Structures are given as C-alpha cells and as structure tokens.
Amino acid sequence: MNIKTGIIYSSVDGQTLKICNTLVEVLQQNDQKVELFSIDEFDEDITKYDRLIIGSSIRYGVHNKRIIDFINSHKKELDSIRTAFFSVNLVARKPEKRTPETNPYVIKFFKTIDWKPTMVEVFAGNLDYKKYSFFDRKMIQFIMWMTKGPTNPNTKIDYTNWDRVKEFGLRLSKL
Ligand SMILES: Cc1cc2nc3c(=O)[nH]c(=O)nc-3n(C[C@H](O)[C@H](O)[C@H](O)COP(=O)(O)O)c2cc1C
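First residue of the sequence shown: 212, per this note's numbering; consecutive thereafter.
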C-alpha cells in the first residue's frame, strides 16, 4: 500500500503537536507515509494526500481562526479525500464531555462550519499553570474553579489519554 497522509496542526503550548507526533509514529509503524505541518507553514496541494488530518487546540472557547479559514477555503479539496479532525481542550477531561457528540467545542465547531470529516475525535489537553502568563493563569484558574477543576498554581496535569491517541492512530491507518 502506498497511502499518503498529511497532518496539519495548530498548537500553542505543544500538546496538540505532541498528539500529532504520536499519530505519526503509529502510522509509520504501520508502514504508511506521513507528512506533518503546522497550519502556519502548510502550502501543499491537499489532493496529493489520500487522507488529511487536522488537529487544533482550544483557546478561550475557539479553535485557531487559521484552521477555520483553511477549512472554509479548501472545502472542495477536503471533500474529495478522506479526512479527520480532532480537538484538544480541557473540558474534555470530564468523562461526560470527551466524545465528539458531547464536547461543547466540537458540537459548536460543526454547527458553524460546512465540512463533515470522515472521522472526528476529541482529546483532553494539558494543564500547566506555570507555563502561562499572569493573565492566562488567572483566566484558566477561573475556568477551572467554575468547572470544579484544580486551581492550585503549581498544578501540572497531562489529561491526555495516550492509549486513546494511539487507538485513534490505528483507526486512521485504516481510514
Ligand atoms: C490561554 C489558554 C486558554 C484556554 N482556553 C480553554 C478553553 O476555553 N476551554 C478549554 O477547555 N480549554 C482551554 N485551554 C486549555 C487548552 O486547550 C489545553 O491546555 C491544550 O492542551 C492546549 O493545547 P496546545 O498546547 O496544543 O495549544 C486553554 C489554555 C490556555 C493556555
């Protein structure tokens, strides 16, 4: 098989990129060709890929505008190949909000965009208060307080379920 996969990501603190790197590993272990790009550097012809995967984290309730603009302006090409989308956010740390059908950001995203990828996933992200600016830390602490999460400024928790990421990679390899 000579299937070629493209992965495009938007990641501010590196968690979405880390998830993409795991997907690359799984696909390569299954003898597949993969190319990984940040949304800021992607300038390829989409149709040269058999599959295209797009992953983006949530910042203050939204996915990166560049990701949204990219999807909106490449709908025709995206619809001509197999595609997948995944979102990374902290609300998904809650079991009842970690599926595409129950995660509020994913639900809202697909209400506002005219695209139906072949596969959709959502992963819980990383919480690391020490990495954030003063303002961001206060805001995330507030969001965490509202949603009954940890507010201690020393908290560092990787909520991503890496087994689920690998399992997603395997499903992608068969897409
Ligand atoms: C400034 C900032 C704003 C965030 N806003 C949200 C949010 O509104 N909802 C949420 O669930 N997670 C939010 N998060 C959590 C991120 O989605 C999570 O940390 C994720 O792992 C970030 O992925 P990235 O490193 O690939 O950007 C926010 C994080 C930061 C630092």
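All residues carry an ideal CB built from backbone N, CA and C; glycine is no exception.
Keep in mind that this is a model prediction, so the values were computed, not measured.
With DSSP collapsed to three states, give me the class of K305. K305: coil per DSSP, three-state reduction.
Simplified DSSP state of K259, which is helix, strand or coil: Helix.
Less than 7 Å between the CB of T362 and some heavy atom of ligand 1, yes or no? It does not: the Cβ of T362 is nowhere closer than 7 Å to a heavy atom of ligand 1.
Cutting at 7 Å between CB atoms, please list the residues of its own chain near Y260, excluding the five before and the five after it. If we look at Y260 and ignore the five residues flanking it on each side, its Cβ neighbours are K215, T216, G217 and I292.
Under the DSSP definition of a beta bridge, which residues are partnered with F248? Its beta-bridge partners are I219.
Closer than 6 Å by C-beta to E332: which residues in its own chain qualify, once you throw out the five before and the five after it? Chain order, please. Correct list, in chain order: F297 and F379.
May I ask you to report which of helix, strand or coil DSSP gives V339? According to the sequence provided, residue 339 is Asp. The question's Val does not apply to it. Reduced to three states, the DSSP call for D339 is strand.
With DSSP as the reference, identify every bridge partner of V299, one or two as the case may be. As a beta-bridge residue in DSSP terms, V299 pairs with S268 and F334.
Who pairs with V273 in a beta bridge, going by DSSP? Checking the DSSP bridge columns, you'll see V273 partnered with R270.
Check whether the Cβ of Y340 lies closer than 7 Å to any heavy atom of ligand 1, and answer yes or no. Incorrect: Y340 has no Cβ contact closer than 7 Å to ligand 1.
Quick check: the Cα distance between V273 and R382, rounded to an integer number of angstroms? Taking the Cα positions, V273 is about 26 Å away from R382.
Please determine whether the Cβ atom of Y343 lies at a distance below 7 Å from any heavy atom of ligand 1. Yes.
Name the residue from T313, T294 and I257 whose alpha carbon lies nearest to the alpha carbon of A303. When only C-alpha atoms are compared, the closest one is T313.
In or out: V223 buried (at least 16 other Cβ within 10 Å) or exposed? By the neighbour-count definition (other C-beta atoms within 10 Å, threshold 16), V223 is an exposed residue.
In chain order, what residues of the same chain lie with their CB nearer than 7 Å to the CB of D369, ignoring the 5 residues before and after it? Correct list, in chain order: N337.
Less than 7 Å between the CB of T323 and some heavy atom of ligand 1, yes or no? False, no ligand heavy atom lies under 7 Å from that Cβ.
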